[in-house]
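Numbering that gives the first Met the number 0 puts the first residue of the sequence shown at 0, with every later residue one more than the last. Where a beta carbon is used, it is the ideal one built from N, C-alpha and C, also for glycine. Please read the structure below before turning to the comments.
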Amino acid sequence: MIAAAFPLVRPLLHRLDAERAHDLTLRALSLLPPGQPAADDPRLAVDLLGRRFPNPVGLAAGFDKGARVPDAMLGLGFGFVEVGGVVPQPQPGNPQPRAFRLPADRAVINRYGLNSEGLAVVAGRLRARAGRPGIVGVNIGANKDSTDRLADYVTCTRTLAPLVDFVTVNVSSPNTPGLRDLQGEAFLDELLGRTVEARDAAGATAAVLLKIAPDMALDALDAICATALKRGVQALVVSNTTVARPESLRETSLARETGGLSGRPLFGPATRMLAQTRLRVGDRLPLIGVGGIDSAEAAWTKIEAGASLVQLYSALVYDGPGLVDRIKAGLLTRMAAEGVSALHQVVGRGAEDLARAA
């Protein structure tokens, strides 16, 4: 019903400021009883991180920062949902306006700045859904004015790891000053070590993931991959939004807005970074592909580049929730055409070519 109504509602939503439209969407979803998704074709199932994902299509962090509607989104057919980003203390984020649609480019620019209701509120909502089905993870960060960012990640992990299936360490948001500096080798080594220790001390089984930026040099990627393997990170999420502005952007005025660019223009650079990461870690570390997925073809390419799972968010702005089922149906069609019985047979097979793609 929600998917069918989207073409009628979209023109109304797109007349509103992007953030206002998003808030209204969340409010509407929160008022609906959680739906029960139709059973997925077993060929789409993915065994990863000690869990069985019913399908590989996940909701990326940023859509539901406050963990208000994870069950509603699972009901729309997502195989898993990542809420957040969450920081220990409530913070408003950057001044508005801070989200911009680029419709001619099917893109979004945001500079929210990790606006968050804070750890206590999000933890309370996650506790309230304890025992419900569905795979839910949480993206964590550090407060903008924190004097001890390491402690912020530890605090979030200790509180949230027992409540979720995975915790994603976010050191790659471009909208918090200095956050991407945490991708440096020495700091990242300590950060990941302490995060894993905090998870273990909490007695949690949640997987620890690391989300990286698409804009880094390849020697920095070498160091990140080595550190993630050393510290027992269980997957890399590739990638966050980009601060780059491709010359191909048509919305030239809006493109001048500062913030992270997501959507279709991110697909190329994020997929190249994903493939480069696959070449470095091989089968030793699973990858989750994010950035510019708006079709089954795009999801398939991410899988060929090395992703065992994929996530999307920005495409929902333009295509609505019906996109999830279309991607899943398209993946099954592609599998049948190629005689593939399981998606793991495709993972990484095109990494070498996609790592060099222009």
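Euclidean distance between Cα positions of Leu149 and Leu101: 35 Å
Gly202 beta carbon less than 7 Å from that of Val163: no
Val236 CB to nearest heavy atom of the ligand HEM below 6 Å: As for the ligand HEM, it is missing from this structure, which has no ligand bound.
Residue nearest to Pro36 in terms of C-alpha spacing, selected from Pro132, Ile211, Val168 and Thr300: Pro132
Burial state of Gln344 (16 or more Cβ within 10 Å): exposed
Simplified DSSP assignment, three categories, for Gln310: strand
Local conformation of Gly199 per DSSP, three classes: Sequence check: residue 199 is Asp here, not Gly. Correct three-state label for Asp199: helix.
Inter-residue Cα distance where the pair is Val8 and Leu322: 15 Å
C-beta atoms of Asn138 and Gln90 nearer than 7 Å: no
Bridge partners - Gln385, DSSP secondary structure assignment: Absent from the model: residue 385. The displayed extent of the chain is 0 to 357, so no value can be given.
Among Ala298, Ile292 and Glu196, nearest to Tyr317 - alpha-carbon criterion: Ile292
Outcome for Gln95 when other beta-carbon atoms lying within 10 angstroms are tallied against a minimum of 16: exposed
Beta-carbon proximity list for Leu73, same chain, < 7 Å, skipping 5 on both sides: Pro36, Val80 and Gly133
Same chain, Cβ closer than 8 Å to Cys224, neighbours up to 5 away in sequence not counted: Leu235, Thr276, Arg279, Val280 and Leu284
Whole-angstrom distance between Gly83 and Leu28, CA atom to CA atom: 16 Å
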